[in-house]
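Have a look at the structure below, then the notes.
In UniProt numbering, the protein residues as written are 1 to 126.
In structure tokens form, the structure reads like this:
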């Protein structure tokens, strides 16, 4: 199975169950994970657990869909849209791109670029 397919399947699992372990196992021990909207960089498989737990912790519910996936030998790009509800019950739609650097079947670096809507454009859930 390709790294990209494994990543997409693991993200579906994370968002459906809250279990970050299958995702964490995809990352190399020296991996770096960063979301440019968040100041800190996470490292390694423990960092992957924290990264994905933080992702889940900002939503009551979230689902991501991939609209464009480009898989390369060492670098892959995934364009996505995530829709869900924030902890405050606000409907949220975020769009972004995640770059995966990978080798030997493991993700070495994840960088996520997010275009989140400004707070004035989100709607309170009914």
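We put the CB at the ideal spot given by N, CA and C, even for glycine.
When Cβ pairs closer than 8 angstroms are counted between the two stretches, the stretch 104 to 113 is seen to touch the stretch 21 to 33, the count reaching three or more.
Here residue 94 is buried, its C-beta having at least 16 other C-beta atoms within 10 Å. Non-local C-beta neighbours of residue 52 in its own chain, meaning closer than 8 angstroms and more than five positions away in sequence, comprise 14, 20, 23 and 24, ordered along the chain. In this structure residue 78 does not touch residue 59 by the C-beta definition: roughly 19 angstroms separates them, more than the 8 angstroms allowed.
In the DSSP assignment, residue 111 falls within the unbroken beta strand (DSSP E) covering 106 to 115. If you look at residue 57, you'll find it in the alpha helix (DSSP H) that goes 44 to 57.
Under DSSP, residue 64 takes part in a beta bridge, and its partners are 82. For residue 29, the uninterrupted beta strand (DSSP E) segment begins and ends at 27 to 35.
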